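Some notes on the structure that comes next.
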Amino acid sequence: TSTPIATQFAILLKQNEYIKQGDFRVYSPNTWMKNSCDKDWTTFTHPCRGDLLTCKMEDNKLIDGVPQEHETCWRVSFRYQLEKAMERKGFMIQVVEYYKDKEKHIPGDGQTIETDMAKLVG
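The opening residue of the sequence shown carries number 689 in our numbering; numbering runs sequentially from there.
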């Protein structure tokens with residue numbers, strides 16, 4: 689689930705002059721409708737790490753190797769974006785929200801999986 693802060697950050701990043709002038713692409717995963725091979729979507733112990741060997745989704749719809757909205761596991765889609773960023777010598781920025789009541793930044797369950805996939809991709 690995306691939060692207003694993460695959405696606003698992505699919008700501002702896309703509007704940044706440096707980002708616009710460079711050959712940068714901003715991908716905000718929460719702007720797309722997705723599916724999941726994990727019935728609970730964000731179970732860290734679920735084996736899927738976004739590759740077709742670990743994903744348990746019956747039919748991950750890929751057209752020319754590109755994940756399709758609604759028809760691809762979100763982890764496959766996210767890993768695809770990580771791999772594209774690596775090919776272009778890009779990077780991932782993850783917005784982790786601060787919780788005043790706990791006095792710390794706490795990543796969401798999906799963010800923990802995304803971080804794990806980023807480590808696997810390199």
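The C-beta atom is built at its ideal place from N, Cα and C for all residues, glycine as well. These numbers were taken from a predicted model, which means no experiment stands behind them.
Return the bridge partner residues of residue i from the DSSP annotation.
{"i": "isoleucine 751", "result": "Val754"}
{"i": "asparagine 723", "result": "Cys761"}
{"i": "tyrosine 768", "result": "Beta-bridge pairing links tyrosine 768 to no other residue."}
{"i": "tyrosine 787", "result": "Lys792"}
Check for me: the alpha helix (DSSP H) holding residue i runs from which residue to which?
{"i": "isoleucine 781", "result": "Element bounds for isoleucine 781: n/a, residue is neither H nor E."}
{"i": "isoleucine 794", "result": "That residue, isoleucine 794, is in no alpha helix (DSSP H); it is neither H nor E in DSSP."}
{"i": "phenylalanine 697", "result": "692 to 703"}
Mapping the DSSP letters down to three states, classify residue i as helix, strand or coil.
{"i": "asparagine 718", "result": "helix"}
{"i": "methionine 745", "result": "coil"}
{"i": "aspartate 804", "result": "helix"}
If you measure between the beta carbons of residue i and residue j, is that distance less than 8 Å?
{"i": "cysteine 725", "j": "lysine 744", "result": "yes"}
{"i": "asparagine 718", "j": "histidine 758", "result": "no"}
{"i": "arginine 767", "j": "valine 714", "result": "no"}
{"i": "lysine 749", "j": "threonine 733", "result": "no"}
{"i": "arginine 776", "j": "cysteine 736", "result": "no"}
{"i": "histidine 793", "j": "glutamate 785", "result": "yes"}
{"i": "glycine 684", "j": "methionine 805", "result": "Lying before the first or after the last residue shown, residue 684 is absent from the chain, which here runs from 689 to 810."}
{"i": "glutamine 782", "j": "glutamine 799", "result": "yes"}
{"i": "aspartate 797", "j": "threonine 691", "result": "no"}
Could you tell me if the beta carbon of residue i falls within a distance shorter than 7 Å of some heavy atom in the ligand MN?
{"i": "leucine 701", "result": "Annotation note on the ligand MN: not contained in the displayed structure, which lists no ligands."}
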